[in-house]
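First to last, the sequence lines map onto chains L and W.
So in our numbering, the last spot in the first sequence is 595, and the numbers never skip.
So in our numbering, the last spot in the second sequence is 595, and the numbers never skip.
Every residue, glycine too, gets a C-beta built ideally from N, C-alpha and C.
A quick note: this is a predicted structure, and the numbers were derived from the prediction, not measured.
Number of protein chains: 2
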Amino acid sequence: MKLQVAMDVVTTDAALELAAKVAPYVDIIELGTPLIKAEGMRAVTAVKAAHPDKTVFADLKTMDAGELEADLAFTAGADLVTVLGTAGDSTIIGAVAAATKHGKGVVVDLIGVADKVTRAREVTELGAVFVEMHAGLDEQAEPGFSLATLLNQGETARVPFSLAGGVSVATIASVQRAGARVAVAGGAIYGAEDPAAAAAALRSPSSDAPGGPPSRQFCLNAKKHPRRKARVLCRVERVRGGQPSSSLASWSTE
Amino acid sequence: MKLQVAMDVVTTDAALELAAKVAPYVDIIELGTPLIKAEGMRAVTAVKAAHPDKTVFADLKTMDAGELEADLAFTAGADLVTVLGTAGDSTIIGAVAAATKHGKGVVVDLIGVADKVTRAREVTELGAVFVEMHAGLDEQAEPGFSLATLLNQGETARVPFSLAGGVSVATIASVQRAGARVAVAGGAIYGAEDPAAAAAALRSPSSDAPGGPPSRQFCLNAKKHPRRKARVLCRVERVRGGQPSSSLASWSTE
Ligand SMILES: [Mg+2]
Ligand SMILES: [Mg+2]
Chain L
342 MKLQVAMDVV TTDAALELAA KVAPYVDIIE LGTPLIKAEG MRAVTAVKAA HPDKTVFADL
402 KTMDAGELEA DLAFTAGADL VTVLGTAGDS TIIGAVAAAT KHGKGVVVDL IGVADKVTRA
462 REVTELGAVF VEMHAGLDEQ AEPGFSLATL LNQGETARVP FSLAGGVSVA TIASVQRAGA
522 RVAVAGGAIY GAEDPAAAAA ALRSPSSDAP GGPPSRQFCL NAKKHPRRKA RVLCRVERVR
582 GGQPSSSLAS WSTE
Chain W
342 MKLQVAMDVV TTDAALELAA KVAPYVDIIE LGTPLIKAEG MRAVTAVKAA HPDKTVFADL
402 KTMDAGELEA DLAFTAGADL VTVLGTAGDS TIIGAVAAAT KHGKGVVVDL IGVADKVTRA
462 REVTELGAVF VEMHAGLDEQ AEPGFSLATL LNQGETARVP FSLAGGVSVA TIASVQRAGA
522 RVAVAGGAIY GAEDPAAAAA ALRSPSSDAP GGPPSRQFCL NAKKHPRRKA RVLCRVERVR
582 GGQPSSSLAS WSTE
């Protein structure tokens, strides 16, 4: 399981500062939606320039103009972008077209989707590399929010998924047991007094601890679309010195 | 009926150039979602600085962190922001809280909402100043798209609404007949060889043509929420010289 830090800060400087602290312990660095709206694509470019060996995730939450928005972010340096699961299929297809052009990937964020299991399967067919089982910041603050429901939906869908919403040291083992490919931690890292220590503590012992194989390939399999070539996004990762994994290649289509 | 130009360009320079051409003929200047994601809030600030007498509409399409995102845009100079109708109620309530603090307004964009009539009524209760009956750029390109369906939903909902998707000189009379408060034109203006002439042609003769009253108040009534003070957003507008209306005051809560 990979660890993703969601940088829900609102300035590029704060993002660069946070990324510098936590990069050794995370696989995917996410620029949160408010950060992108506050600073624009230059924030994506700045983070990718500072961390060329990390997967940079632009949480665009695209609802329309899928190809245009995805193209802007990939051109700026993003490796993965999000489209909303509540968006129409043509928006997702447009973003996937841009991803194919750039050799990058689209993640579909299922925030606000009523039937997450069905939509997860649909958008995987459309070419999403994985879906994000996601309870938003506002939703997490509502009474009745439950991480268990999200995990159950991820397990039931049987497609590659990440989990965002309530990931902490107390819950990360359950996230891994449910089969998530990626655990997304936001406040548990950026809200900590020592974000580096918080990220290190979240890193799952069975995933990328020092001592693992010195080099290996990590692939995200997008289910074959009937009218489309199968897409498999992979990157090669190596463990350097005592540091947790550093990915030395960016996403590529196999 | 007001005329809103949706600036679906991706650089602040292009937005400022377009706004300068069309400002005399429009009431509301919209920074499109891709523009905001490309350039950040500095684009909002630049457009408001260049057109302080216009209503500046930041099409944030917020899906989460409603209060934070709305606050960023209002602080940058926006008068109106959008939240998605597919967002949870707590996200809309958060954005409305930010609007109340700043004396500005929230518009709920119904793109992607299956039952637009019901959701329109719900979000108006939550404090939206109006809803946007909206077919996205991707949806308009799909077979079967019909402006008539959108207009019918607006009429049926019986709450203040704008219409976005397919507004042109050929359709704007039907938009006005359906009772829209605002007609949103994008490609019909920015895609025209002469955007100023296109905007002038779209201006409805019965709305803000020269010769109207020299000063008047334009209000958007948000239906009273049971647990909230009634909110009425108004601005005073004057007609100067031969120019169509220029609004001289920004939104304020009555
Ligand atoms: Mg995020
Ligand atoms: Mg727009």
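Which residues of chain W have a Cβ atom closer than 7 Å to the Cβ of residue i, listed in chain order?
| i | result |
| --- | --- |
| L:T459 | Those do not exist, as L:T459 stays about 14 Å from chain W at its closest Cβ, beyond 7 Å. |
| L:L401 | K378 |
Which chain L residues sit within Cβ distance under 7 Å of residue i?
| i | result |
| --- | --- |
| W:P375 | A406, L409, E410 and L413 |
| W:M342 | Ordered by position in chain L, no residue passes the 7 Å Cβ test against W:M342, which lies about 23 Å from the chain. |
| W:T427 | T427 and G453 |
| W:V351 | L413 |
Suppose you measure from the CA of residue i to the CA of residue j; what does that come to, to the nearest Å?
| i | j | result |
| --- | --- | --- |
| L:P393 | L:T423 | 20 Å |
| L:A533 | L:A511 | 14 Å |
| L:F502 | W:P365 | 49 Å |
| W:E483 | W:T416 | 37 Å |
| L:E380 | L:G453 | 25 Å |
| W:Q517 | L:L421 | 42 Å |
| L:D349 | W:D368 | 34 Å |
| L:D442 | W:A519 | As written in the sequence, residue 442 of chain L is Lys, which differs from the Asp given in the question. Cα to Cα, L:K442 sits roughly 42 Å from W:A519. |
| W:A411 | W:A440 | 7 Å |
| L:T353 | W:V351 | 20 Å |
| L:A355 | W:R383 | 17 Å |
| L:A596 | W:K445 | Residue 596 of chain L cannot be examined here, being either before or after the span of chain L that is shown, 342 to 595. |
| L:S515 | L:M474 | 14 Å |
In chain L, what lies closer than 9 Å to residue i by C-beta?
| i | result |
| --- | --- |
| W:P431 | A quick correction: the sequence has Ser, not Pro, at residue 431 of chain W. Those are G477, D479, E480, A482 and E483, listed as they occur along chain L. |
Less than 6 Å between C-beta atoms, sequence neighbours within five positions excluded: which residues of the same chain meet that for residue i?
| i | result |
| --- | --- |
| W:A347 | E371, G373, V525 and G527 |
| L:S509 | A529 |
| W:S548 | Residue placement at W:S548 is flagged as unreliable, the pLDDT there being 47, under the threshold of 50; the coordinate-derived value follows with that caveat. Closer than 6 Å at the Cβ level, and outside the excluded window around W:S548, lie M342. |
| L:V523 | K343, Q345 and S503 |
| W:V458 | Q494, T497 and A498 |
| L:G435 | G407 and E408 |
| W:A455 | none |
In chain W, what lies closer than 8 Å to residue i by C-beta?
| i | result |
| --- | --- |
| L:A379 | G381, M382 and L413 |
Heavy atom of ligand 1 less than 7 Å from the Cβ of residue i, yes or no?
| i | result |
| --- | --- |
| L:G373 | yes |
| L:D400 | yes |
| L:A347 | yes |
Within the same chain, show all residues whose beta-carbon is closer than 8 Å to that of residue i, passing over the 5 residues directly before and after it, in chain order.
| i | result |
| --- | --- |
| W:V500 | A461, R462, T465, F471, V472 and K564 |
| W:I433 | G407, V424, V447, V449, V464, L467, G468 and A469 |
| L:G507 | A476, Q481, F486, L488 and L491 |
| L:V385 | L372, I377, V397, A399, A414, A417, G418 and A419 |
| L:S431 | G407 |
| W:A390 | G418 |
At 8 Å on the CB atoms, spell out the chain L contacts of residue i, in chain order.
| i | result |
| --- | --- |
| W:G435 | D479 |
Tell me, to the nearest whole angstrom, how far the beta carbon of residue i is from that of residue j; I am working on the premise that it is less than 8 Å.
| i | j | result |
| --- | --- | --- |
| L:A438 | L:E480 | L:A438 to L:E480, Cβ: 30 Å. No contact. |
| L:K395 | W:M404 | No, L:K395 and W:M404 are not in contact; Cβ-Cβ is about 25 Å, not under 8 Å. |
| W:A387 | W:L357 | 6 Å |
| W:I513 | W:L478 | Between W:L478 and W:I513 the Cβ distance is about 19 Å, and since that is not below 8 Å, they are no contact. |
| W:L451 | W:G426 | 4 Å |
For residue i, which residues in the same chain have their Cβ closer than 7 Å to its Cβ, ignoring the five residues on either side in sequence?
| i | result |
| --- | --- |
| L:V363 | V346, I530, P536, A537 and A540 |
| L:A521 | M342, G495, F502, S503 and L504 |
| W:P375 | D349 and V351 |
Below 7 Å, is the gap between the Cβ of residue i and the nearest heavy atom of ligand 4?
| i | result |
| --- | --- |
| L:A469 | Among the ligands modelled here, namely ligand 1 and ligand 2, ligand 4 does not occur. |
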